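Trainee:
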Amino acid sequence: MLGILAGGLQESRRNSDEDGERSRNSPRRQGLRKFGASFKRRDRSRSNSTTENLPAKFIRTTTVKPHTLNPKWNEKFRLDIDDVFTEKLHLDIWDHDDETSVFDAARKLNEVSGLKGLGRYFKQIYQSARSGENIDDFLGCVTIPVEEIPPNGLDKFFPLQGRTARSTIQGQIRLKLSLGTREDRMVTADEDNWREFVEHQELLWLFIEHELKNHQGPSYTWAGDLQTPALTILHQHAIQGDITELQKILCRWIMYARKHMEVSLDYALLKELLEDFNTSWNNSETQLSKDEEAALVESFNLFIDFCLARVRKHREIFPCNNKQAQHKFTYLLKCIALIHSMKVFKRCCPFRPTLHVEIINTLKKGTLEWFDTIISFNESKAQTVEDILHGLIELVNSINSDVQKGANCYDHVFESNVEVNYTSVIYKNLEKLSADHVSKKLHEIGETTCKRAEGRNKTSKADGGKETQINISTAKFELYMSLQEFVRFQEKLPSEDKKHLVISNYYTWFTDAINLWLTVAKLKAKERVKKALELDKKIQSVDSSVKYSTSSVDIVACFAQIKEFWFQLSWPDVFSSYPFIIKILEVICSGATFYANLCYQNVADYSEDIKEQLCIAINNIEHVRTALKPLFDDLGIEKILNTIAEREGEKTVSQCRTAVNNLLHNAEEDILSKIQNIANSVAEKMRPDIKTHIFHLAWTPEKMEADVAPLLDYLDSNLKTLYNSLFRPNFDRILESIWRMVLQELTFTARNNIGEKMTFFQRLLHSLKVLVDFFHAGSIGLQLKVLHNPAYQQRLLEGDYGYLTVKAVFNPGSDSLSIDVMNARDLRPLDPNGFSDPFVIIELVPRHLFPDCPRQMTKIQKKTLYPIFDESFEFNIAADRCRRDGVAVCFVVMDHDVVTRNDFEGEAYLQLQRIPGVDGQYVKDPATTELSLMQPREKNEIINALEVRTWDKTAQEFAKEQRGKRP
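Under UniProt numbering, the first residue of the sequence shown is numbered 1, with each subsequent residue one higher.
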């Protein structure tokens with residue numbers, strides 16, 4: 001209960017309070033003297049309340065808050081004051097007691113808790129027993145002189161006081177007091193204060209402008225506070241215009257929001273104003289007028305549109321690397337979200353789109369504007385195809401950067417404030433835009449490139465076309481890598497957003513470009529090989545611990561770059577990647593064989609004894625060859641073949657596997673042949689010295705023992721140098737070449753001195769046995785099967801007509817002989833163009849023992865002295881027939897001529913008894929055999945002997961055939 005105490009009534013009230021206090025101490029209480037009457041009916045004649053001295057208009061009462069020690073009223077009262085200097089605001093707080101009977105009071109015994117509660121219970125029983133009287137309890141009072149209330153008002157807690165010094169009072173009450181003057185305008189209930197509301201806005205606008213004008217620093221650092229005089233004026237104006245608290249808060253929001261659209265204010269301040277308005281509107285019992293609702297709707301719409309416009313340009317206005325800008329952006333979104341959540345907004349703006357829809361549409365519009373800006377900028381610089389491609393690369397890189405920034409920065413801001421997945425919205429929008437634009441531009445570039453190529457073909461002028469083509473290919477690869485990075489962002493999208501993405505098939509746009517890249521890579525690889533060998537003119541090893549030079553390192557690095565290109569390409573469709581794998585293998589294999597050929601050509605020109613350079617050259621080729629071995633695994637070829645098998649079946653995958661293996665096998669065989677040729681060259685450098693040692697050994701006087709030590713010392717000295725300079729496989733190859741050369745020299749010595757005494761040949765035989773032990777070196781050197789290989793014996797007897805590499809194995813289970821004719825080398829050129837057109841005839845001899853095994857032949861290889869046949873043949877023959885003495889496989893190499901008779905290149909024999917598997921043992925992977933080609937000679941003792949046997953028809957036919965093969 002509260003009211004205004006006039007100055008004349010204060011003394012009377014004081015006396016009344018003292019009388020009331022004395023009455024409480026008397027045996028019989030006549031009544032409770034207090035500032036207001038109880039809420040219940042009582043005998044007014046017995047009351048000595050001061051209400052008899054106060055007009056009714058001065059007294060106000062609040063509602064009753066039951067069952068609480070911390071009541072909250074939130075009620076507003078207006079009291080008129082006549083004299084500011086003498087009148088006081090007085091407030092009493094009472095504990096309201098309901099009128100109940102003794103019976104009702106006794107029933108509440110079970111609700112009593114504690115001693116104090118028990119005391120109150122007995123008091124209530126006592127009061128209920130008194131007929132017609134129920135007295136409220138006094139809890140305390142507050143008296144505030146009106147003159148102490150400041151113009152701006154007062155909002156604080158006031159301690160409760162008792163009526164006398166002996167009173168025991170506790171607690172405090174919060175009062176919000178304001179003082180103002182107003183005139184009674186006699187406003188009717190039907191009238192509103194819209195004019196005063198507008199005036200209040202204009203007045204507030206002036207104060208806001210004044211504060212911003214005098215504010216030191218940026219406008220967004222202003223806290224929104226007004227000075228005391230301004231607040232006083234606004235307060236007085238609100239009182240004069242009957243402006244409610246809700247209207248005042250509404251005015252603040254409208255004016256601050258309007259000012260924010262001119263100069264940037266703190267979004268946190270605006271959010272605070274929105275929260276105040278929302279709280280006030282929810283708690284207010286009065287409603288806004290139509291004009292006020294219209295003003296609120298306009299303010300909301302203008303503010304939301306303004307904020308959405310800034311959201312549309314958030315990339316420029318609120319960059320990720322600016323913490324202050326990010327703070328602003330966060331509160332901007334909070335403001336929009338708060339407005340959309342307010343009940344008043346839903347009521348006043350029912351047709352406004354939802355928050356989710358507005359944010360998504362705004363992001364789409366902003367992304368489209370940003371995308372078009374980048375395209376316009378790039379197209380303004382594009383003059384050539386290369387410029388267009390670089391523009392596309394910049395576009396996709398910008399998109400990747402934008403999506404990455406969104407995921408790192410904006411995603412959390414949007415998700416936490418407006419519940420929108422920023423990355424998903426932006427990515428799907430950019431995905432469609434970029435897919436349409438990039439595919440269209442690539443199609444235009446393809447048409448332009450084709451027209452240029454046709455123009456160059458007609459004019460027969462390159463005009464720098466090769467370099468331009470390379471630049472275009474490089475730019476397309478960069479664009480592919482950028483698009484690949486963009487597509488990988490799909491992993492961060494929700495599963496439902498990954499559907500129907502067009503750009504997932506981006507790789508199909510680059511199929512032609514990849515073929516062109518690999519063609520360019522093949523040319524570049526050969527150019528790099530030439531450049532590496534030019535820089536490697538004086539062949540030297542990389543350092544003392546490395547046995548090869550820098551050129552081989554450079555070529556292996558080139559191959560590694562090609563493989564890295566494939567890894568980075570990461571072609572999404574495994575099935576369609578097979579043609580590219582074949583091309584990559586062709587690029588690497590051709591580069592390796594090209595390097596081996598150039599190295600072989602370079603060392604072939606050496607005329608001096610420079611074994612060190614030969615060793616480095618052979619090591620270089622071996623180092624490059626080893627780079628081919630892991631290609632199958634490194635390029636993931638097995639995975640590709642498995643995918644082909646799943647889609648196309650075993651027949652197709654078998655063909656694909658064969659093509660891959662042939663590429664690798666042929667390249668390795670070609671490189672090995674070059675290594676072997678260089679190894680032979682190293683041995684040839686030693687031939688003069690070895691020939692001299694064998695000459696002295698052979699012509700030692702009969703009375704002296706043949707001394708092999710000088711030859712062994714010479715070989716040991718040179719082999720130590722070779723061993724330290726070569727890889728072990730290369731050392732074994734050269735050791736085998738030296739062994740063949742030693743055997744040749746021993747054979748030549750014996751053949752050229754056929755009429756010498758027996759001791760001459762015994763000396764040579766003894767030396768041969770010593771040399772076998774030397775080259776075998778207790779199983780450390782050459783194996784005995786290599787030293788005693790019949791193929792090497794053939795070389796001792798024949799001249800240089802070339803070599804044929806074959807592989808033969810007998811299958812005991814099926815009684816079949818399988819022969820693979822692999823390749824030939826160093827054939828004689830029998831055609832005028834300096835080449836031959838070789839093919840091989842395979843037959844089992846003697847023919848009369850194998851009448852059921854017809855001869856077979858390979859295909860013709862055109863214009864080559866190093867033909868690669870890679871053909872397999874099979875003969876059905878029992879094992880016991882293969883074990884007979886004198887039976888063999890005859891390989892006849894012929895040069896095909898169209899007009900004249902085919903020319904004889906040479907022939908070689910492989911004994912059937914020595915073929916793996918003839919002894920009944922199953923052999924899984926037989927070794928290859930290199931056979932030396934032979935030609936019949938004029939002076940051949942065996943042929944002469946056969947010719948004398950006139951009674952033997954078979955011998956006569958064989959001798960006649962051999963004579964026909966002579967050159």
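C-beta: ideal position from N, C-alpha, C; glycine also.
Bear in mind that the values here come from a model prediction, so they are computed numbers and not experimental data.
In terms of residues, what are the limits of the alpha helix (DSSP H) holding P710?
Mentor: Your numbering for residue 710 matches position 710 in the sequence shown. Counting along the chain, the alpha helix (DSSP H) containing P710 begins and ends at 709-725.
Trainee: How would you write the range of the beta strand (DSSP E) that P145 sits in, first residue to last?
Mentor: The residue you call residue 145 lines up with position 145 of the sequence shown. That run of the beta strand (DSSP E) goes 137-145.
Trainee: Here's a check: name, in chain order, each residue in its chain whose Cβ is nearer than 6 Å to the Cβ of L333, leaving out the five neighbours to either side.
Mentor: The residue you call residue 333 lines up with position 333 of the sequence shown. Only N417, V418 meet the Cβ criterion.
Trainee: Which two residues bound the contiguous alpha helix (DSSP H) that contains C251?
Mentor: Within the sequence shown, the letter at position 251 stands for residue 251. Its alpha helix (DSSP H) spans residues 245-260.
Trainee: Quick one: any contact between the stretch 570-579 and the stretch 636-649, if contact means 3 or more CB pairs under 8 Å?
Mentor: With the cut-off at 8 Å, the stretch 570-579 and the stretch 636-649 touch.
Trainee: Helix, strand or coil: how does DSSP classify K863 here?
Mentor: Counting from 1 along the sequence shown, the entry for residue 863 is found at position 863. In the structure shown, K863 sits in coil (DSSP, three-state: anything other than H, G, I, E or B).
Trainee: Near P71, which residues of its chain fall below 8 Å by C-beta distance, leaving aside the five closest residues on each side in sequence?
Mentor: As a working mapping, residue 71 is identified with position 71 in the sequence shown. Closer than 8 Å at Cβ, skipping near neighbours: K65.
Trainee: Could you check what DSSP says for L231 in three-state terms: helix, strand or coil?
Mentor: Taking the first residue of the sequence shown as 1, we reach residue 231 at position 231. L231: helix per DSSP, three-state reduction.
Trainee: Does the pairing of the stretch 878-885 with the stretch 860-868 give three or more beta-carbon distances under 8 Å?
Mentor: At 8 Å Cβ cutoff, the stretches do not touch.
Trainee: What residues in its chain sit with their C-beta under 6 Å from that of L269, if we drop five residues either side in the sequence?
Mentor: Looking up residue 269 in the sequence shown gives position 269. These residues qualify, in order along the chain: G224.
Trainee: Using only CA atoms, which one of P151, F300, R163, Q561 lies nearest to L139?
Mentor: Stepping through the sequence shown from its first residue, residue 139 is reached at position 139. Among P151, F300, R163, Q561, the Cα nearest to that of L139 is on R163.
Trainee: Alpha carbon to alpha carbon, how far is H665 from R657?
Mentor: Stepping through the sequence shown from its first residue, residue 665 is reached at position 665. Stepping through the sequence shown from its first residue, residue 657 is reached at position 657. Roughly 12 Å separates the two Cα atoms.
Trainee: What's the C-alpha gap between K476 and E369?
Mentor: Sequence index remark: in the sequence shown, residue 476 carries index 476 (1-based). Sequence index remark: in the sequence shown, residue 369 carries index 369 (1-based). So the alpha carbons of these two residues sit roughly 26 Å apart.
Trainee: With contact counted as at least three CB pairs below 8 Å, one residue from each stretch, are the stretch 648-662 and the stretch 709-728 in contact?
Mentor: No contact exists between the stretch 648-662 and the stretch 709-728.
Trainee: When DSSP labels each residue in this structure, what does H67 get in the three-state scheme?
Mentor: For the purposes of this step, residue 67 is taken as residue 67 along the sequence shown, with counting starting at 1. Looking at H67 - three-state DSSP - the assignment turns out to be coil, as it is neither helix nor strand.
Trainee: Does DSSP classify S570 as helix, strand or coil?
Mentor: Translated into the one-based positions of the sequence shown, residue 570 becomes position 570. Correct three-state label for S570: coil.
Trainee: Check the DSSP bridge columns for N811 and list the partner residues they point to.
Mentor: Here residue 811 corresponds to residue number 811 of the sequence shown, with the count starting at 1. Looking at the DSSP assignment, N811 forms a beta bridge with S816.
Trainee: Whether or not the stretch 390-407 and the stretch 478-487 are in contact is what I'm after, with contact meaning three or more pairs of Cβ atoms, one per stretch, closer than 8 Å; do they touch?
Mentor: Touching, per the Cβ criterion.
Trainee: Distance, Cα to Cα, H443 vs L389?
Mentor: In the sequence shown, counting from the first residue as 1, residue 443 sits at position 443. In the sequence shown, counting from the first residue as 1, residue 389 sits at position 389. Approximately 12 Å between the Cα atoms of the pair.
Trainee: Taking C-alpha atoms, which residue in Q227, V556, T232, T805 lies nearest to V892?
Mentor: Here residue 892 corresponds to residue number 892 of the sequence shown, with the count starting at 1. Per the Cα distances, T805.
Trainee: Touching or not, the stretch 227-238 and the stretch 269-285, by the rule of three or more beta carbon pairs under 8 Å?
Mentor: No, the stretch 227-238 is not in contact with the stretch 269-285.
Trainee: Of the choices L768, W194, A683, H776, whose alpha-carbon is the least far from that of I734?
Mentor: Working through the sequence shown from its first residue, we reach residue 734 at position 734. Residue A683 is the option with its Cα nearest to I734.
Trainee: State the CB to CB distance for the pair P729 and E622, rounded to an integer number of angstroms; the pair is presumed to be in contact (CB under 8 Å).
Mentor: Locating residue 729 in the sequence shown gives position 729, counting from the first residue. Locating residue 622 in the sequence shown gives position 622, counting from the first residue. Their Cβ separation, rounded to whole angstroms, is 6 Å, which keeps P729 and E622 in contact under 8 Å.
Trainee: Run through the DSSP bridge pairs and tell me what P150 is partnered with.
Mentor: On the sequence shown, residue 150 is found 150 positions in, with the first residue counted as 1. Bridge partners of P150: none, in fact.
Trainee: Considering Cα atoms alone, identify which of T143, P319, Q921 is closest to L160.
Mentor: In the sequence shown, counting from the first residue as 1, residue 160 sits at position 160. Here the closest residue by C-alpha is T143.
Trainee: Provide the residue span of the alpha helix (DSSP H) that contains Y331, from first to last.
Mentor: Taking the first residue of the sequence shown as 1, we reach residue 331 at position 331. First-last of the alpha helix (DSSP H) with Y331: 323-341.
Trainee: DSSP state of E907, grouped into three classes?
Mentor: What you label residue 907 is simply residue 907 of the sequence shown in a count that begins at 1. Three-state result, E907: strand.
Trainee: State whether the stretch 811-824 contacts the stretch 909-929, with contact taken as three or more CB pairs (one from each stretch) at a distance under 8 Å.
Mentor: The stretch 811-824, when compared against the stretch 909-929, does touch it at the 8 Å Cβ threshold.
Trainee: Below 8 Å on the Cβ atoms is my contact criterion, and I expect S219 with V263 to pass it. Report the Cβ-Cβ distance as a whole number of Å.
Mentor: For the purposes of this step, residue 219 is identified with residue 219 of the sequence shown, where counting begins at 1. For the purposes of this step, residue 263 is identified with residue 263 of the sequence shown, where counting begins at 1. At roughly 4 Å, the Cβ-Cβ gap stays under 8 Å, so S219 and V263 are in contact.
Trainee: If you pair each beta-carbon of the stretch 405-425 with each one of the stretch 344-354, do three or more pairs fall below 8 Å?
Mentor: Contact fails: fewer than three Cβ-Cβ distances are below 8 Å.
Trainee: When you compare only the Cα positions, how much space is there between D800 and Q676?
Mentor: Stepping through the sequence shown from its first residue, residue 800 is reached at position 800. Stepping through the sequence shown from its first residue, residue 676 is reached at position 676. In a straight line, the C-alpha of D800 is about 15 Å away from that of Q676.
Trainee: Need the endpoints of the alpha helix (DSSP H) that E415 sits in, please.
Mentor: Here residue 415 is taken as the residue at index 415 of the sequence shown, counted from 1. Where E415 is concerned, the enclosing alpha helix (DSSP H) stretches over 411-418.
Trainee: Go ahead and pull the three-state DSSP assignment for F85.
Mentor: For this step, residue 85 is matched to residue 85 along the sequence shown. Looking at F85 - three-state DSSP - the assignment turns out to be coil, as it is neither helix nor strand.
Trainee: Could you compute how far the alpha carbon of F77 sits from the alpha carbon of E211?
Mentor: Residue mapping note: residue 77 aligns to position 77 of the sequence shown, counting from 1. Residue mapping note: residue 211 aligns to position 211 of the sequence shown, counting from 1. Distance between the alpha carbons of F77 and E211: 33 Å.
Trainee: Taking 9 Å as the threshold (C-beta atoms), are Q935 and P812 in contact?
Mentor: Sequence index remark: in the sequence shown, residue 812 carries index 812 (1-based). Sequence index remark: in the sequence shown, residue 935 carries index 935 (1-based). No, the pair does not count as a contact, with Cβ atoms beyond the cut-off.
Trainee: Around the Cβ of V84, are there at least 16 other Cβ atoms within 10 angstroms (buried) or fewer (exposed)?
Mentor: Here residue 84 corresponds to residue number 84 of the sequence shown, with the count starting at 1. V84 comes out exposed.
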